[in-house]
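Single-structure report; data block below.
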Amino acid sequence: MTAADTREPLPGAGPALPAEHRAVAALRLPWLYLVSRRAPVALGLLAGLAVLLWSALHWHWGIAGGRAAQQFISLTIETAAAAVIAVTTYGPFGEPERATGRWLPCLRLGTAAALTAIGYGALAAGAAGGALPGGTLALLRNLAGITGIGLLTAAALGGALGWTGPLAYLLVTEVALTGNPTTPWVWPARPPHDLGGALCAALLFAAGTAAITLLGARDSGRHSAPE
Amino acid sequence: MTAAAEAPVRPAPARATRLTPPLSFLRLLRIELRRSAMPWLLPLIAALFWFDSYRPSTGQTPLYVLRTFWNMGQGHTIIDFGPFVAGVAAWMGSRDGRRRTADLVTATARPRWTAQLATWAGTAIWAVAAYLVFTSVMFAIYASQGVKGQPPWWWVAVGATAVAAFSAAGFAVGVFWPSRFAAPLAAFGGFLALIMSSQTGFHDSTGWALILPTNSNGNFQPDSGLLYPWLPDLPIARIMLLAGIAIAALGLIGLRARGDGPWLRRLTVAVTAAGVAAAGTAVGLATTARLSADGIVIPALHDAASDRPFSYTPRCGQAAGIPVCLSPSYGRWLPEVTAALGPVFSEVAGLPGAPVRATQVGTIYNSGEGGGGQAMTIGGRPPVLSLPLGTLGLPGAVGTATVFADQLRLLAVHAFVGAGTDAGTPAQQAVQAALLQGAGVPFAAQPRVLSTTGLPSGAQAAGNGPPGPATGPVYAAALRLAARPPAARHAWLAAHLTALRSGQLTLAQLP
């Protein structure tokens, strides 16, 4: 027997799958991954947040105060969307998945990027309910930057606690906005076209996606907070 | 029959028979305390507490009422804790559902509701203890910085109850929706509720909205804990509301628990109803609230003993020979106060109604004034100048000595000319401007002084309107009066002060 013989189908093996079946099989892994990360529920929540944003803008919910206070409800909703995306990184399988999942980094990256894009689209649609402070450009910057914070938190603390980073950033922003901050790291206080704020948000999003792609959430086979 | 069957039955270990339910609950609680996720977040909450609650307060004047208005009065300590606690509690509450072990644990000897209460208590104890520790450390730092007054202990109790209520509500969210998304939903829902509560609180200074935990209208009087006690009425009502929410949420969990007997079900119904009743009663009590000189009074909860001002030995100094007495808490500003009032007392010395003494009185918060202060008054025989200092920009952390001195001079002269709580007649405004010029506040600077924050709106709306130039008929008349020789001006004032104070004098009648 030669090495070439091993390439032949084993006796009793079935015929090769047709092309359409192979396509379905290829989609099976991403689908299972998305289900394991509760992506369908996340999509429902992102849609719900978009409706909430629409309602807030349509019925002029607001907080008394200056320009910073006016945008705070919409910023809270954007942050909640980022938190939902961060929590999807939580995986229930841990070490076995890490040991066997060759495509895992690609699936993590694809899921995070796709959910961010869908979240942006949903919130942009919700922004049609009224005048969103800063417009959709600021929405993109805020969502991307805070999602990056959420992904970094998930990589550091675990996917289950991925929401804590965005919430902490929101609280820091709330205080900072009252004092007219100059640092670009508090980008919600900057105009939509501000380069410094956009760069900081983009940097955090890139760092977050890189961390979650390469390392995964902390609870995926590494020690994490009690579950 | 075997030997084994003949052997006497060995009695159960005495320890097991004595294992009472409370003890087993405590053992369960100890396990839950060790397994709680709350300690993982405490470093993050500590950092936020420092950044959001403590750090902004250090810019305030070193008086407890001013230092703690941001973090306790406006509820920032609750905002720092509540959403995180709700999120973690939701995570703990959803544990059995997420792990699909609910059926397994339902079959254990302990009632499901009791076990869930132990899980909740494990989270709540960590959270409330951390809140109390962080607040105590903050107060200890304040004390080391020489902050004066009485700490707002009632508001600390409100914060601790709010943390417990957030933990119970978040836990209920986790029990009813056992999902990984329960935690962010509870956390951001709690945060949104708090900022909407702030929004309503900024708008509504009366009625049910006073019950909201971040409503800052009237809950902190300018001299609470300094000249008079903190009134406990509103804090008690808020504690009732928050405790009611916590109890109702925990009762709802019991209603959902499967496998518990009918007796326990009846108990959970009663607990839920009690929680709802407590919360509803608290809202009803808040609708009866009214603003008094010392704070918010709720008649059904009010104790008249709380209205008694603090007794103290005042710290006194001399301003142009006239004694000026302040509360010991304000003692550090006595030199600035006497230096500011001295020129005014010199200017009006010997005139009818000129004060022979100045004494500090408690400042009353007026929601209509926004952050504005309270006018000085002159009354009694012999006349005494009443000094409310609570809302002025005291020199040091916030205000500058110059602005503070100018404000004191303006308010003292405003009281002397009898302008009362509004801007006064044009003649009163003109005499006020002339006396201020004599007391060291030049005409050119007066529009700026009249526009400074901390003054009552009546004192602000004088003359030609701040912050414009010192021109117009009022200032023209004031210039004429100020240009007269001091003896002639003094004589004219002595002859016309009664008419001036009664509002009968016109600008044309000024010399």
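Protein chains in written order, with our numbering: chain A, 188 to 414; chain B, 297 to 807. For glycine and all other residues, C-beta sits at the position ideal for the given N, C-alpha and C. None of the values given here were measured: they were computed from a predicted structure.
task: Report the option in Gln742(B), Arg780(B), Thr748(B), Ala783(B) whose CA atom is closest to the CA atom of threonine 767(B).
output: Position 471 of the second sequence, counting from 1, holds the residue named residue 767(B). Considering only alpha carbons, the answer is Gln742(B).
query: Mind checking if valine 271(A) is an interface residue toward chain B, Cβ cutoff 8 Å exclusive?
result: Indexing the first sequence from 1 puts residue 271(A) at position 84. Taking Cβ atoms only, chain B reaches closer than 8 Å to valine 271(A), which makes this a yes.
message: Helix, strand or coil, according to DSSP, for leucine 523(B) in the structure here?
response: Start at 1 with the first residue of the second sequence, and residue 523(B) comes out as number 227. The answer is coil: DSSP assigns leucine 523(B) none of H, G, I, E or B.
message: Considering Cα atoms alone, identify which of Gly321(A), Ala267(A), Glu282(A), Leu239(A) is closest to alanine 376(A).
response: By one-based count along the first sequence, residue 376(A) stands at place 189. Of the candidates Gly321(A), Ala267(A), Glu282(A), Leu239(A), the one whose C-alpha sits nearest the C-alpha of alanine 376(A) is Gly321(A).
field: Continuous alpha helix (DSSP H) assignments of at least 4 residues falling wholly in the stretch 609–644 of chain B
entry: You should have 630–644.
message: Suppose the cutoff is 6 Å on Cβ atoms and the five residues either side in sequence are ignored; what does the same chain contact list for tyrosine 220(A) look like?
response: Along the first sequence, one-based indexing puts residue 220(A) at 33. Within the same chain, tyrosine 220(A) has close Cβ partners Leu294.
message: Excluding the 5 residues flanking valine 565(B) on each side, which residues of the same chain have their C-beta closer than 8 Å to its C-beta?
response: Your numbering for residue 565(B) matches position 269 in the second sequence. Cβ neighbours of valine 565(B) beyond the five flanking positions: Gly547, Leu551.
- prompt: Expressed to the nearest angstrom, what Euclidean distance is found between the alpha-carbon atoms of arginine 285(A) and tryptophan 449(B)?
  reply: Residue numbering aside, residue 285(A) sits at position 98 when the first sequence is read from its first letter. Residue numbering aside, residue 449(B) sits at position 153 when the second sequence is read from its first letter. So the two alpha carbons sit approximately 52 Å from each other.
message: Relative to the C-alpha of glutamine 258(A), which candidate in Trp218(A), Leu401(A), Pro217(A), Ala314(A) has its C-alpha closest?
response: Here residue 258(A) refers to the residue found at position 71 when the first sequence is read from its first residue. Per the Cα distances, Ala314(A).
Partner residues on chain B for phenylalanine 259(A), Cβ-Cβ distance less than 7 Å: Position 72 of the first sequence, counted from the first residue, corresponds to residue 259(A). Neighbours of phenylalanine 259(A) on chain B, chain order: Ile491.
Residue-level contact to chain B via CB, leucine 221(A), 8 Å cutoff: Residue 221(A) sits at position 34 when you count from the first residue of the first sequence. Look at leucine 221(A): its C-beta is not under 8 Å from any C-beta on chain B.
query: Are any of the Cβ atoms in chain B nearer than 8 Å to that of arginine 225(A)?
result: As a working note, residue 225(A) is residue 38 in the first sequence. Closer than 8 Å: yes.
Contact set for threonine 431(B): own chain, Cβ-Cβ below 6 Å, skip 5 residues either direction: Sequence index remark: in the second sequence, residue 431(B) carries index 135 (1-based). So the list reads Val452, once near-sequence residues are dropped.
- prompt: valine 384(B) and alanine 333(B): beta carbons closer than 8 Å?
  reply: For this step, residue 384(B) is matched to residue 88 along the second sequence. For this step, residue 333(B) is matched to residue 37 along the second sequence. Yes, these two residues count as a Cβ contact at 8 Å.
field: Amino acids of chain A, ordered along the chain, whose beta-carbon sits closer than 7 Å to that of tryptophan 416(B)
entry: As a working note, residue 416(B) is residue 120 in the second sequence. Those do not exist, as tryptophan 416(B) stays about 15 Å from chain A at its closest Cβ, beyond 7 Å.
Cβ pair glycine 486(B), glycine 466(B) closer than 8 Å: In the second sequence, counting from the first residue as 1, residue 486(B) sits at position 190. In the second sequence, counting from the first residue as 1, residue 466(B) sits at position 170. Pairing glycine 486(B) with glycine 466(B) gives a Cβ-Cβ distance under 8 Å.
query: By the 10 Å Cβ neighbour count, where 16 or more other Cβ atoms means buried, how is proline 509(B) classified, buried or exposed?
result: Counting from one through the second sequence, the residue named residue 509(B) turns up at place 213. In the assembly as shown, proline 509(B) is a buried residue. Its beta-carbon has 16 or more other beta-carbons within 10 Å.
- request: Determine, using beta carbons only, whether aspartate 392(B) comes closer than 8 Å to chain A.
  value: Counting from one through the second sequence, the residue named residue 392(B) turns up at place 96. Closer than 8 Å: no.
- prompt: Can you list, in chain order, the stretches of the alpha helix (DSSP H) that have 4 or more residues and sit fully within the stretch 305–365 of chain A?
  reply: Whole alpha helix (DSSP H) segments, 4+ residues: 322–344, 351–364.
- prompt: Can you tell which of Gly736(B), Ala701(B), Ala730(B) has the C-alpha that lies nearest to the C-alpha of tyrosine 771(B)?
  reply: Position 475 of the second sequence holds residue 771(B). The residue with the shortest Cα to Cα distance from tyrosine 771(B) is Ala730(B).
message: Using 8 Å for Cβ pairs, my map puts leucine 354(A) next to alanine 270(A). What's the rounded Cβ distance?
response: The residue labelled residue 354(A) in the question sits at position 167 within the first sequence. The residue labelled residue 270(A) in the question sits at position 83 within the first sequence. Yes, they are in contact, since the Cβ atoms of leucine 354(A) and alanine 270(A) sit about 7 Å apart, within 8 Å.
Identified DSSP bridge partners for serine 656(B): Within the second sequence, residue 656(B) is the residue found at index 360, counting from 1. For the record, residue 656(B) in the displayed sequence is glutamine; it is not serine. Note: glutamine 656(B) sits in a beta bridge opposite Leu683(B).
- request: Could you please tell me which residues of the stretch 351–364 of chain A, in chain order, have their CB closer than 8 Å to any CB of chain B?
  value: Across the stretch 351–364 of chain A, CB contacts with chain B closer than 8 Å involve Thr351, Leu354, Ala355, Leu357, Leu358, Val359, Glu361, Val362, in sequence order along the chain.
field: Residue environment, threonine 266(A), which counts as buried when at least 16 other CB atoms sit within 10 Å
entry: Translated into positions along the first sequence, residue 266(A) becomes position 79. Per the 10 Å Cβ criterion, buried.
Any chain A beta carbon closer than 8 Å to isoleucine 374(B): Here residue 374(B) refers to the residue found at position 78 of the second sequence. The C-beta of isoleucine 374(B) comes no closer than 8 Å to any C-beta of chain A.
field: Contact with chain B by alanine 309(A), beta-carbon distance below 8 Å
entry: The residue labelled residue 309(A) in the question sits at position 122 within the first sequence. Taking 8 Å as the CB threshold, alanine 309(A) stays off the interface with chain B.
- request: Check the C-beta distance from glycine 369(B) over to phenylalanine 516(B) and give it rounded, since I have them as a contact under 8 Å.
  value: Counting from 1 along the second sequence, the entry for residue 369(B) is found at position 73. Counting from 1 along the second sequence, the entry for residue 516(B) is found at position 220. Contact holds; Cβ gap of about 4 Å.
message: Does leucine 607(B) come out as helix, strand or coil in the three-state DSSP assignment?
response: For the purposes of this step, residue 607(B) is taken as residue 311 along the second sequence, with counting starting at 1. The sequence as given places serine at residue 607(B); leucine does not occur at that position. If DSSP states are grouped into helix, strand and coil, serine 607(B) belongs with coil.
query: How many Å lie between alanine 386(B) and leucine 319(A) at the Cα?
result: As a first step, residue 386(B) must be located in the second sequence, where it is residue number 90. As a first step, residue 319(A) must be located in the first sequence, where it is residue number 132. Cα-Cα distance, rounded: 31 Å.
task: Counting only the same chain and skipping the five closest in sequence on each side, list residues whose C-beta sits under 8 Å from that of threonine 396(A).
output: One-based indexing of the first sequence puts residue 396(A) at position 209. For threonine 396(A), where only same-chain residues beyond five positions count, the Cβ hits under 8 Å are Leu296, Ala299, Ala300, Gly335, Leu338.
task: Please determine if the stretch 382–401 of chain A and the stretch 305–314 of chain A are in contact, where contact requires at least 3 C-beta pairs separated by less than 8 Å.
output: Taking a cut-off of 8 Å on C-beta distances, the stretch 382–401 of chain A does not touch the stretch 305–314 of chain A, as fewer than three cross pairs fall below it.
message: Quick check for students: name the residue ranges of the alpha helix (DSSP H) that lie wholly in the stretch 426–493 of chain B, counting only runs of 4 or more.
response: Taking only runs of at least 4 residues, the alpha helix (DSSP H) segments lying wholly in the stretch 426–493 of chain B are 449–472.
query: leucine 219(A) by DSSP, collapsed to three states: which one?
result: Translated into the one-based positions of the first sequence, residue 219(A) becomes position 32. For leucine 219(A), the three-state secondary structure derived from DSSP is helix.
message: According to DSSP, simplified to helix, strand and coil, what is alanine 791(B)?
response: On the second sequence, residue 791(B) is found 495 positions in, with the first residue counted as 1. In this structure, DSSP gives alanine 791(B) a helical state, which the three-state scheme calls helix.
task: Report the rounded CA-to-CA distance for proline 339(B) versus aspartate 599(B), giving the unit in angstroms.
output: Taking the first residue of the second sequence as 1, we reach residue 339(B) at position 43. Taking the first residue of the second sequence as 1, we reach residue 599(B) at position 303. Each residue's alpha carbon lies about 40 Å from the other.
- prompt: Is any beta-carbon of chain B found at less than 8 Å from that of threonine 400(A)?
  reply: For the purposes of this step, residue 400(A) is taken as the residue at position 213 of the first sequence. No, its Cβ sits nowhere closer than 8 Å to a Cβ of chain B.
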